[in-house]
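Sequential numbering from 515 applies to the sequence shown in the numbering used here.
Take a look at the structure set out below.
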Amino acid sequence: MKFLLDNNLPPPLAKALNELSKREGHTVVHLKDKFPPSTPDIEWVKTLKAEGDWVVVSQDQFKKSDLEKQAFRQAGLTVFCLAKHWSKAPYWDKAHQIVRWWPDIIEQSERLMGGATLRVPWQYRGRFEQIK
515 MKFLLDNNLP PPLAKALNEL SKREGHTVVH LKDKFPPSTP DIEWVKTLKA
565 EGDWVVVSQD QFKKSDLEKQ AFRQAGLTVF CLAKHWSKAP YWDKAHQIVR
615 WWPDIIEQSE RLMGGATLRV PWQYRGRFEQ IK
């Protein structure tokens, strides 16, 4: 499985998660390492859909235009949205929390077919909230 961290998360975090995930055969890349910085969301979403087997992890709350929302739905991607508190957390706290959640994110991704959007709370409870 391939995981893409959105631009609102630090690139070094993608590199660290990639190293930690190799053991289980997964790849983690940062959006800016796969696409040029000015690539519209609709374009990179279509590319991920075409390539298949991608999961997106983002701090974005996805309050996007109808066109962007439709692109995400049609792509059938699994998207993990980090809850609002993540954006206020210091770098090292955020890194600690994402590593804590990462095995659950992988496990949930492997179980989902056809895509879903899930919220990752700040406090670890091992449960995600489905976003409609």
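Using N, Cα and C, we set each Cβ at its ideal position, and we do this for glycine too.
Nearest to residue 584 by C-alpha distance, out of 556, 620 and 601, is 556. Around residue 569, the same chain offers 515, 516, 517, 518, 591, 592, 593, 594, 619 and 623 as residues with beta carbons nearer than 8 Å, after the five sequence neighbours per side are excluded. DSSP places residue 561 within a helical segment (H, G or I) once states are collapsed to three. Taken atom to atom, the span from the alpha-carbon of residue 645 to that of residue 632 is near 5 Å.
When secondary structure is reduced to three states using DSSP, residue 552 falls in the coil class, being assigned neither helix nor strand. Under the DSSP assignment, residue 614 falls outside any beta strand (DSSP E), being part of the alpha helix (DSSP H) whose first and last residues are 605-625.
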